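>
In full-length UniProt numbering, the protein residues as written are 1 to 203.
(1) Tell me which same chain residues have a C-beta within less than 7 angstroms of the C-beta of residue 192, skipping the five on either side of it?
(2) For the structure I just gave you, are there three or more beta carbon pairs, one from the region 153-163 and one from the region 98-107, closer than 8 angstroms?
(3) When the Cα atoms are used, what is the spatial distance from residue 29 to residue 56?
(4) Is the region 120-127 close to the region 72-89, with three or more CB pairs under 8 angstroms?
(5) Roughly how many angstroms separate the alpha carbons of residue 196 and residue 35, rounded to a whole number?
(6) Let's see if you can read the secondary structure: which residues bound the beta strand (DSSP E) around residue 181?
(7) Using three-state DSSP, classify residue 141 as helix, strand or coil.
(8) The alpha helix (DSSP H) with residue 170 in it runs from where to where?
(9) Could you give the residue range of the beta strand (DSSP E) that holds residue 82?
(10) Mapping DSSP to helix, strand and coil, what is residue 50?
(11) Go to residue 117, then tell me how far its beta strand (DSSP E) extends in each direction, as first and last residue.
(12) So, residue 90 versus residue 54, is the Cβ gap smaller than 9 angstroms?
(13) Between which two residues does the alpha helix (DSSP H) holding residue 201 run?
(14) Tell me the residue span of the alpha helix (DSSP H) that contains residue 58.
(15) On a Cα-Cα basis, can you pick out the residue from 142, 115 and 165 that is closest to residue 135?
(16) Taking the alpha carbon of residue 158 as the point to measure from, which residue in 174, 132 and 164 has its own alpha carbon closest?
(17) For the beta strand (DSSP E) containing residue 98, list its first residue and its last residue.
(18) So, with DSSP's three-state summary, where would you put residue 29?
(19) Counting along the chain, where does the beta strand (DSSP E) carrying residue 123 start and finish?
Following this line, the structure appears as structure tokens:
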């Protein structure tokens, strides 16, 4: 795994499908754009199809060893840059999970909350969350063949109000094959879509 809030590393994400792949290879925090793959533990880009797998948290083979954590203010912007254009239909979601102490020692087995669905690959650290170190996880769900996989970054958040009351979920556990977001058929009478996982946090 990569670093936490203090927010850490660039996440590599697998977009699903056996040969469908792109990587979130670069992370920007505020006005600081980090080197390509500076916060990316590896280049695994194949599908993770087992919704009960711990690899859904941080991708395959993730570890906190040798990583660092980026410090960010609550309300500060961040963004992810991909190695190529996204060519699969489906939502982008961003999750966070607060580490019990140091993010680099955290395996992501605690509760996660979602801070964003859809739109762009840029967002802000919620102002209402508690201070501390977090995993920051971006997920691309290709709904032509949907399976989520993410790789968290480590970030340390300061200046948060601590008033957030998010809907939490475990990963694995947040996604089921019976979820409408997985059973939707985008090729037949597709009119609406419900993103899998909890509702995004609203401060």
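C-beta atoms are modelled at their ideal positions from N, C-alpha and C, and glycine is treated no differently. Here the structure is a predicted model, which means the values were calculated and not measured.
Judging by the given coordinates:
(1) none
(2) yes
(3) 24 angstroms
(4) yes
(5) 31 angstroms
(6) Segment 180-183 is the alpha helix (DSSP H) holding residue 181; no beta strand (DSSP E) there.
(7) coil
(8) Neither: residue 170 is in no alpha helix (DSSP H) and is coded neither H nor E.
(9) 77-82
(10) coil
(11) 112-117
(12) no
(13) Looking at the DSSP string, residue 201 is not in any alpha helix (DSSP H), and its letter there is neither H nor E.
(14) 55-58
(15) 115
(16) 132
(17) 92-98
(18) strand
(19) 122-124
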